[in-house]
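Report on the following structure.
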């Protein structure tokens with residue numbers, strides 16, 4: 008009995024060590040592929056439409072880039088060093104997914120020149136990631152139509168989306184709409200082409 012318990016505990020410990028390494032390896036591969044795609048197509052054109060997003064592995068980034076292409080929008084990335092690709096970034100994402108007090112760049116943007124704003128974020132543990140919460144807290148959306156978009160692996164909590172909507176509306180938004188595309192869990196995700204096709208179909212309705 009003691010041997011069985013010992014082996015069981017050993018296997019669980021080994022799995023706990025190996026799993027983050029595997030996840031980080033998959034994320035790194037995604038990040039590299041997505042970065043190559045973005046390097047070929049990303050632009051920072053001036054427009055009265057803005058696509059502002061945070062992305063860790065690059066899934067939300069290529070989604071944002073596709074939206075910007077579709078609506079001839081200005082593309083703005085939110086950076087959060089705490090969540091960079093790697094074991095440390097993965098651990099921080101897992102341990103502080105409810106923490107809105109995160110350092111981001113830029114903290115604020117003059118949104119007065121935009122008529123419509125697309126805000127993008129991945130979903131972590133059923134809720135939008137901390138950097139997009141921080142950005143929404145820091146900025147005014149007076150009179151703007153806001154579309155919130157997400158990429159996610161399994162599901163999102165509608166209560167968290169409603170909470171985010173309340174924050175954006177309190178900060179002056181005229182309207183709020185939510186759109187999301189599931190890419191699937193690691194190992195069985197949509198290809199980049201399939202994912203972007205889903206994005207194009209979803210946003211063709213706008």
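Numbering (my numbering), first residue to last: 8 to 213.
All residues carry an ideal CB built from backbone N, CA and C; glycine is no exception.
Would you say residue 114 reaches chain D, if we count a Cβ-Cβ gap shorter than 9 Å as a contact? Absence of chain D from the displayed structure is noted, only one protein chain being present.
Could you tell me the alpha carbon to alpha carbon distance between residue 149 and residue 172, rounded to whole angstroms? As a first step, residue 149 must be located in the chain shown, where it is residue number 142. As a first step, residue 172 must be located in the chain shown, where it is residue number 165. C-alpha separation (whole angstroms): 14 Å.
Inter-stretch contact at 8 Å, needing at least 3 Cβ pairs: the segment 123-139 / the segment 63-74: yes
For residue 153, which beta-bridge partners are listed by DSSP? Taking the chain shown and counting its residues from 1, the one referred to as residue 153 is at position 146. The partner list for residue 153 (beta bridge, DSSP) reads 124, 183.
Please say whether residue 202 and residue 153 have beta carbons closer to each other than 9 Å? The sequence position of residue 153 within the chain shown is 146, counting from 1. The sequence position of residue 202 within the chain shown is 195, counting from 1. Cβ distance not < 9 Å, so residue 153 and residue 202 don't count as in contact.
Here's the rule: buried if 16 or more other CB atoms are within 10 angstroms of the residue's CB, otherwise exposed. What is residue 67? Counted from its first residue, the chain shown places residue 67 at position 60. Counting Cβ neighbours within 10 Å, residue 67 comes out buried, since at least 16 surround it.
Between which two residues does the alpha helix (DSSP H) containing residue 68 stretch? On the chain shown, residue 68 is found 61 positions in, with the first residue counted as 1. Per DSSP, residue 68 belongs to the alpha helix (DSSP H) from 66-78.
Under the three-state DSSP convention, the category residue 226 falls into: There is simply no residue 226 to check, as the chain begins at 8 and stops at 213 in what is shown.
Helix, strand or coil: how does DSSP classify residue 167 here? As a first step, residue 167 is located in the chain shown; it is residue number 160 there, counting from the start. Three-state result, residue 167: helix.
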